[in-house]
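**Q** Going by this note's numbering, the sequence shown opens with residue 35, and the numbers climb by one from there.
Every residue, glycine too, gets a C-beta built ideally from N, C-alpha and C.
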Amino acid sequence: DRAIGGFPSPSVILVLVDPLASPELIIYNLSEGCYYLPTIKSPDIVKNELEVLGFNSIIIDSLEDLEKLNNCKVVIEFTFGIDDAVRIRETAIKNNLVVCLVVLKSYYDEKTVDQLKYICNGIILVEAERIGERFVYRFAIPKMIGGLSMGTYIRYKTERSTLEIDTSRDIV
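Here it is, written out as structure tokens:
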């Protein structure tokens with residue numbers, strides 16, 4: 035089995051993000067050296083943020099551009115319907131793609147999110163939790179068919195344009 039960027043290929047990964055969790059560092063990291071389709075933020079804003087944070091991604095304009103890509107990873111700000119998610123999955127299989135569908139928490143109703151979770155063969159959760167006077171950022175990978183899932187949350191923090199993962203609880 036081939037892998038692209040550490041994910042089993044072909045794959046469609048749902049990346050469910052809380053905007054308070056500074057998810058850009060994780061999202062842009064996923065798109066490093068690959069393709070990015072912005073639909074919520076303008077391409078100019080995404081290009082600027084990628085540059086400021088030190089990432090290099092190729093901006094694509096539409097879902098139709100997926101048909102032209104092969105053996106690579108694509109990150110999509112997903113604002114489309116369930117039929118589009120199914121079509122993206124079929125294209126990923128046909129063209130050996132890893133596609134990360136970034137969905138903002140609460141963007142869709144619960145039923146639609148559940149359908150996306152079922153369609154996708156991987157799920158990454160990126161969340162923020164308020165504890166006292168500060169926020170704690172964390173992520174988990176509860177589902178990864180053909181890959182490594184992580185059923186427990188991993189904390190991370192951001193400093194300027196870097197992402198630091200807290201592995202202290204895993205150190206003996």
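(1) Report yes if the C-beta distance between L131 and L103 is below 8 Å; otherwise report no.
(2) If you draw a straight line from the alpha carbon of D78 to that of L135, how long is it in whole angstroms?
(3) Can you tell me the Cβ-Cβ gap for I199 and Y190, rounded? I've got them flagged as a contact below 8 Å.
(4) Measure the alpha-carbon distance for V206 versus F89 and round it to whole angstroms.
(5) Based on DSSP bridge pairs, tell me the residues matched to Y190.
(6) Measure the C-alpha to C-alpha separation of L152 and P57 and round it to an integer number of angstroms.
(7) Taking 6 Å as the limit between beta carbons, can you name the residues of its chain near I160, skipping five residues before and five after?
(8) Report the start-end ranges of each beta strand (DSSP E) in the stretch 130 to 171 that is 3 residues or longer and not cut off at the edges.
(9) Over what stretch of residues does the alpha helix (DSSP H) that includes S81 continue unbroken?
(10) With respect to the beta strand (DSSP E) encompassing L64, which residues constitute its N-terminal and C-terminal limits?
(11) Taking 7 Å as the limit between beta carbons, can you name the residues of its chain near G181, skipping five residues before and five after?
(12) Cα-Cα, which of A126, P72, V133 and E111 is closest to Y142?
**A** The structure says:
(1) Against a cut-off of 8 Å, the Cβ pair of L103 and L131 comes out as a contact.
(2) If I take the Cα positions, the gap works out to 20 Å.
(3) Indeed, because the Cβ distance is near 5 Å, the residues count as touching under 8 Å.
(4) Residue confidence is low: V206 scores 32 on pLDDT, short of 50, so the model does not pin down where it sits. No coordinate-derived value is stated.
(5) Secondary-structure assignment with DSSP links Y190 through a beta bridge to Y171 and I199.
(6) Sequence check: residue 152 is Tyr here, not Leu. When rounded, the distance between both Cα atoms is 22 Å.
(7) Going by the sequence as given, residue 160 is Val instead of Ile. Same-chain partners within the cutoff: V51, A55, P57, I60 and F173.
(8) Qualifying beta strand (DSSP E) stretches, in chain order: 132 to 138 and 156 to 165.
(9) The sequence shown places Lys at residue 81, rather than the Ser named in the question. Looking at the DSSP string, the run of the alpha helix (DSSP H) that includes K81 is P77 to L87.
(10) No beta strand (DSSP E) holds L64; the alpha helix (DSSP H) holding it covers E58 to L64.
(11) In the same chain as G181, and ignoring 5 residues on each side of it, the C-beta atoms closer than 7 Å to its own belong to F41, P42 and G156, in chain order.
(12) Comparing Cα positions, the closest option is E111.
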